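Have a look at the structure below, then the notes.
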Amino acid sequence: MDRQSQTPAYDISPANVTEKVIASFVMKTPRQQQLLNSLVGHLHSFARENQLTHAEWAEAIGFLFRCGEISSDKRDEFMLLSDVLGLSSLVDMTDAPQGATEGSVLGPFYASDSPQVPLGGDLRPTADGTGQLVLGRVVDVDGAPVPGAAIDMWQTAENGLYATQDDAVPDNAFRCKMRCADDGTFSFTTVLPGPYMVPDDGPVGELLRAGGRTAWRPAHFHFLVMAPGHRSVTTEIFVAGDRYLGSDAVFGVRKSLIVAAEQKDGRPVIDLTFRLARNDVPLAAE
Ligand SMILES: [Fe+2]
19 MDRQSQTPAY
29 DISPANVTEK
39 VIASFVMKTP
49 RQQQLLNSLV
59 GHLHSFAREN
69 QLTHAEWAEA
79 IGFLFRCGEI
89 SSDKRDEFML
99 LSDVLGLSSL
109 VDMTDAPQGA
119 TEGSVLGPFY
129 ASDSPQVPLG
139 GDLRPTADGT
149 GQLVLGRVVD
159 VDGAPVPGAA
169 IDMWQTAENG
179 LYATQDDAVP
189 DNAFRCKMRC
199 ADDGTFSFTT
209 VLPGPYMVPD
219 DGPVGELLRA
229 GGRTAWRPAH
239 FHFLVMAPGH
249 RSVTTEIFVA
259 GDRYLGSDAV
269 FGVRKSLIVA
279 AEQKDGRPVI
289 DLTFRLARND
299 VPLAAE
């Protein structure tokens, strides 16, 4: 007999298998138990409601196997799958504090070893012309400057390639870590990023093509913004006017994250404000 049922543990039927699987797990925390129970319940419901065939189930397992096969330390096909299914964006939106800058997908191109660049630094490999000036400030949800803030930024060049994908530029170009000034401000010079396609030569690409979907993403800057005592924000800043804003392959675009490059003193300037919530702000779900 198992712990929750009067039927012998080996007496498995379509009617009791979900309950028996759930009962077989004794997780260490109530939250882990809740997530596991819900995951098993939804997976079984999916199979039950759709009368999943053995061939369909095998195809799904094969798809996941191939996602693992093509993944490496430079490519995370499971992250991409989560992104194109909108799951990454959903978690970004549901696990977000009130009043803070909206989050958006981390994406597969984050490299934690970006160079530390001083305030006002130039992220271009060669400083030709005036470049795109990016100004920003980090404030709390009430608009007060946050001391000790720092950013981590990565973007493509105008050709839509991250430096790590482009042999023509040094790996460290178009990305930086930067400590903000005491008043929460930062600035750097760069170029406007270009749109690009998510890697579509693997199983996720097959899925996109099967669904008649595009692999294109609108041009964006990635930002990780952090400060002591505050919840970090992982987000993206999109460039107004991009033709893919309405069809982002990973559903990362939010209205509040679209900015326009404006002309100030004869050069294009993007002006950003990031709002961070304090760590002690309780989450609605808790
Ligand atoms: Fe990106």
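Yeah, the sequence shown ends on 304 if you go by this note's numbering, and it's all consecutive. All residues carry an ideal CB built from backbone N, CA and C; glycine is no exception. The structure displayed is predicted, hence computed values, not measured ones.
Continuous alpha helix (DSSP H) stretch holding residue i: start and end
i	result
Phe96	Glu95 to Val102
Val58	Pro48 to Glu67
Leu82	His72 to Ile88
Ala41	Val35 to Ser42
Reference residue i, options the options, closest by Cα
i	options	result
Ser205	Leu61, Ala33 and Leu290	Leu290
Gly220	Leu108, Ile88 and Leu53	Ile88
Val187	Val123, Cys198 and Thr174	Thr174
Arg197	Glu254, Val243, Val58 and Tyr128	Val243
Gly161	Asp110, Asp201 and Pro126	Asp201
Asp170	Ile255, Ala33 and Ser63	Ile255
Ser250	Asp266, Gly259, Ala168 and Thr36	Ala168
Pro181	Ala199, Gly154, Pro165 and Arg142	The displayed chain sequence assigns Ala, not Pro, to residue 181. The candidate whose alpha carbon is nearest that of Ala181 is Arg142.
Val271	Gln281, Gly259 and Lys282	Gly259
Arg227	Ala237, Gly247, Ala267 and His238	Ala267
Asp189	Phe83, Ala118, Leu99 and Ser132	Ser132
Tyr214	Arg261, Cys194 and Phe241	Arg261
Leu225	Leu99, Val109, Gln183 and Lys38	Leu99
Arg231	Ala65, Asp29 and Val222	Val222
Lys92	Gly80, Ala73, Gly59 and Ser130	Ser130
His62	Leu82, Lys38 and Asp158	Lys38
Gln69	Phe81, Phe43, Pro32 and Leu57	Pro32
Phe292	Thr71, Gly138, Ala118 and Ser90	Ala118
Val156	Phe239, Thr203, Phe192 and Leu179	Thr203
Thr252	Asp110, His72 and Asp29	Asp110
Gly264	Phe241, Gln281 and Ala233	Ala233
Bridge partners - residue i, DSSP secondary structure assignment
i	result
Met171	Cys194 and Phe241
Leu153	Ser205 and Asp289
Gln13	Only positions 19 to 304 of the chain appear in this structure, which leaves residue 13 out of reach.
Pro163	Val157
Val251	Val243
Asp140	Thr207
First and last residue of the uninterrupted beta strand (DSSP E) at residue i
i	result
Thr208	Thr203 to Thr208
Asp113	First-last for Asp113: undefined, no H or E at that position.
Sequence-distant residues of its chain with Cβ nearer than 6 Å to residue i (five each side left out)
i	result
Asn55	Ile40
Ile51	The sequence given here has Gln at residue 51, not Ile. So the qualifying residues of the chain are Met45.
Phe269	Gly104 and Ser107
Pro15	Past the boundaries of the shown model lies residue 15; the chain is included only from 19 to 304, so the question cannot be answered.
Ser274	Glu120
Asp101	Val123 and Val268
Thr207	Asp140, Gly149 and Leu151
Asp94	Pro126
Pro166	One point to set straight first is that residue 166 is Gly, not Pro, in the sequence displayed. Excluding residues within five positions, the ones whose Cβ falls inside 6 Å are Ala245 and Pro246.
Arg84	Pro221
Ile3	In the structure displayed, the chain extends from 19 to 304; residue 3 sits before or after that span and is not available.
Met97	Pro126
Proximity test, residue i beta-carbon vs ligand 2 heavy atom, cut-off 6 Å
i	result
Gly247	Absence of ligand 2 is noted for the structure shown, with ligand 1 being the only ligands found.
Spatial neighbours of residue i in its chain, beta-carbon cut-off 7 Å, leaving aside the 5 residues before and after
i	result
Asn297	Gly247, His248 and Arg249
Ala199	Leu137
Gly178	Gly212, Pro213 and Tyr214
Val164	Val156, Val157, Asp158, Gly202, Ala245, His248 and Leu294
Same chain only: Cβ atoms within 8 Å of residue i, ignoring 5 sequence neighbours per side
i	result
Glu331	This structure gives no information on residue 331, because the portion of the chain shown stretches from 19 to 304.
Gly284	Thr148
Arg235	Pro213, Tyr214, Met215, Val216, Tyr262, Asp266, Ala267, Val268 and Gly270
I'd like the ranges of any alpha helix (DSSP H) spanning at least 4 consecutive residues and lying wholly in the region 255–303. None, since the region 255–303 contains no complete alpha helix (DSSP H) of that length.
Runs of 4 residues minimum, wholly inside the region 210–234: which ones carry the alpha helix (DSSP H) assignment? 221–228, all fully within the region 210–234.
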